[in-house]
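Residue numbers (our numbering): 521 to 643. Ideal placement from N, C-alpha and C gives every residue a C-beta, glycine not left out. Structure first, commentary second.
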Ligand code: HEM
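The following block contains the structure:
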């Protein structure tokens with residue numbers, strides 16, 4: 521999926537594992553920023569909607585792929601918090617990541633629908 525996307529950009533652009541690593545960083549930064557911004561619901565939602573929407577430009581992207589981050593994210597939190605990872609903390613993060621992913625999917629679906637609508641309007 522990444523190589524197909526890069527093919528679209530330019531033939532000269534080199535694809536290697538570095539691209540995937542860079543994306544992993546973007547994923548974690550987006551998750552980090554969204555959790556920090558949870559106290560401002562408007563910003564939280566619009567930021568995640570926008571990230572979800574950017575994935576509509578990726579050929580054959582299925583928004584259900586966003587769920588793939590759920591378990592690795594929880595594992596990362598567990599490893600980071602170690603003995604501070606109580607049952608209470610675990611259930612809070614479980615709800616949080618679920619909400620984030622649902623919001624990403626929402627953003628993707630809305631952008632996809634907007635694209636479909638503007639396509640219909642033109643024809
Ligand atoms: C929680 C899950 C994810 C988050 C938070 C996330 C976040 C991001 C962000 C912030 C960007 C940069 C957008 C831009 O610069 O306009 C991006 C780009 C991209 N994402 Fe994701 N993403 C997620 C899941 C996925 C998955 C599952 C795939 C593919 C299987 C994917 C494929 C891509 C590709 C191909 C790009 C463009 C290349 C790049 O910028 O590295 N993403 N993503």
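Neighbourhood of residue i by C-beta, 7 Å cutoff - its chain only, sequence neighbours within 5 removed
i: residue 626; result: 569 and 572
Residue i to residue j span [Cα, whole Å]
i: residue 640; j: residue 608; result: 48 Å
i: residue 602; j: residue 541; result: 24 Å
i: residue 606; j: residue 638; result: 48 Å
Residue i CB to nearest heavy atom of the ligand ATP below 7 Å
i: residue 546; result: As far as ligands go, the structure on display features the ligand HEM and does not contain the ligand ATP.
Beta-carbon contacts of residue i that lie in its chain and below 6 Å, excluding the five residues immediately before and after
i: residue 597; result: 613
For residue i, the three-state DSSP class (helix, strand or coil)
i: residue 628; result: helix
i: residue 583; result: helix
i: residue 649; result: What is shown of the chain runs 521 to 643, which leaves residue 649 out entirely.
i: residue 566; result: helix
Own chain residues within Cβ distance below 8 Å of residue i, not counting five before or after
i: residue 566; result: none
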